[in-house]
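Step one of this worksheet: look at the structure below.
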Amino acid sequence: MAPRKLAAGNWKMNGDLAALAEVDRLLAAHPAPACEVLLCPPAPLVQAMKARIGGGAIAVGGQDCHARVSGAHTGDVSAALLKDVGADYVILGHSERRADHGESDADVAAKATAAHAAGLVAVICVGETEAQRDAGETLAVIAAQLAGSIPQGATAANTVIAYEPVWAIGTGRTPTSAQIAEVHALMRERLQGAVSGADDVRLLYGGSVKPGNAAEIFAIPHVDGALVGGASLKAADFGPIVAAL
Ligand code: PEP
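Position 159 of the sequence shown, counted from 1, bears residue number 159 in the UniProt record's numbering, the numbering being contiguous throughout.
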């Protein structure tokens, strides 16, 4: 059976303990969603968010992890610790990590290996810049990022791929449905041989997903959910996206 579609929220460096009230609101409005729901708060909030959710139908994830299990890596968080405090997922290779911290595809693959070893599902992000799209390089960029970022041992159960065009993140701009369909079809094809159960790997679209465009995006072939930034912070915005899946 194919895994359930996934509505994933990335709080980025937003939120605090008071903001966990949004979790209560989301659970109250969507106690039994048809899709799987995931929220990824800043690491210090993972444990409190998990406790707040209790037995509710929301999974919790981190936004990054280190490739090593432990050691002298000041400021970093291990995959095992994320798992220990209640995470089931971790976002890896987000374009903001790639840009702000110089993360390469090889770094992302190493982190994904660590995530898998810790029992976390890795949400591996790929996406082209606007300059790359304008230069007609989108498919080549995505293919190269997939080839470099997906580690040995990836399966449909432990890996999710998020296509996030860098120019669509936080801008209010989205690709056309045809452009998203083209990239998602390429990703599905490139996963063959690279991931066990490639047809069942959930392929998310991310970049300015809002209540008003979610249904149209979710109707695109090979779109199995969304990775949502700004619109995941408030239940009033994220709830309708969850309901659209
Ligand atoms: C993101 O950063 O993963 C993202 C998709 O952001 P937004 O939804 O705000 O564009």
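Note that CB positions come from ideal geometry on N, CA and C, so glycine has one too. From a predicted model like this one, the values you see are computed outputs, not experimental measurements.
| task | Starting from R97, trace the alpha helix (DSSP H) both ways and give me its first and last residue. | result | By 1-based counting over the sequence shown, the position of residue 97 is 97. Run containing R97: S95 to D100, per the alpha helix (DSSP H) assignment.
| query | Y205: which of I180, E189, A140 and A194 sits nearest, CA to CA? | reply | Here residue 205 refers to the residue found at position 205 when the sequence shown is read from its first residue. Comparing Cα-Cα distances from Y205 to each of I180, E189, A140 and A194, the minimum goes to I180.
| Should T159 and G207 be called a contact, given that it needs their Cβ atoms to be closer than 8 Å? | Working through the sequence shown from its first residue, we reach residue 159 at position 159. Working through the sequence shown from its first residue, we reach residue 207 at position 207. No.
| Which residues in the same chain as H73 place their Cβ atom closer than 7 Å to its Cβ, once the five residues preceding and following it in sequence are excluded? | Residue 73 sits at position 73 when you count from the first residue of the sequence shown. Answer for H73: H66, listed in chain order.
| Counterpart residues of N10 in DSSP-defined beta bridges | Residue 10 sits at position 10 when you count from the first residue of the sequence shown. Looking at the DSSP assignment, N10 forms a beta bridge with C40.
| query | In this structure, does DSSP put A117 in helix, strand or coil? | reply | Position 117 of the sequence shown, counted from the start, is the residue given in the question as residue 117. Here A117 sits in helix by DSSP.
| request: Could you say which of V141, A157, G61 and A156 lies nearest to E164 if we only look at CA atoms? | output: Your numbering for residue 164 matches position 164 in the sequence shown. Taking only the C-alpha atoms, the option nearest E164 is V141.
| request: Grab me the residues of F238's own chain with a C-beta within less than 7 Å of its C-beta, minus the 5 sequence neighbours each way, in chain order. | output: The residue you call residue 238 lines up with position 238 of the sequence shown. Once the five neighbours on either side are set aside, the close Cβ partners of F238 are G9, L26, V228, A231 and S232.
| field | For Q192, the nearest candidate out of D16, D105, E216 and I150 (CA to CA) | value | Mapped onto the sequence shown, residue 192 falls at position 192. Among D16, D105, E216 and I150, the Cα nearest to that of Q192 is on I150.
| field | Nonlocal neighbours in the same chain, by C-beta distance under 7 Å from T155, ignoring five residues either side | value | Position 155 of the sequence shown, counted from the first residue, corresponds to residue 155. Contacts found: V195, S196 and G197.
| said: Is E103 near the ligand PEP - that is, is its Cβ less than 7 Å away from at least one heavy atom of it? | reply: Residue 103 sits at position 103 when you count from the first residue of the sequence shown. No - the ligand PEP has no heavy atom lying nearer than 7 Å to the Cβ of E103.
| message | Here's the rule: buried if 16 or more other CB atoms are within 10 angstroms of the residue's CB, otherwise exposed. What is E22? | response | Within the sequence shown, the letter at position 22 stands for residue 22. Buried, since its Cβ has 16 or more Cβ neighbours within 10 Å.
| query | Name the DSSP bridge partner or partners of C65? | reply | In the sequence shown, the residue the question calls residue 65 occupies position 65. DSSP, once it has assigned bridges, lists no residue as partnering C65.
| request: Take R190 and list the residues in its own chain whose beta-carbon comes closer than 6 Å to its own, dropping the five residues that flank it on each side. | output: The residue you call residue 190 lines up with position 190 of the sequence shown. So the qualifying residues of the chain are A143 and L146.
| said: According to DSSP, simplified to helix, strand and coil, what is R202? | reply: Residue mapping note: residue 202 aligns to position 202 of the sequence shown, counting from 1. Strand.
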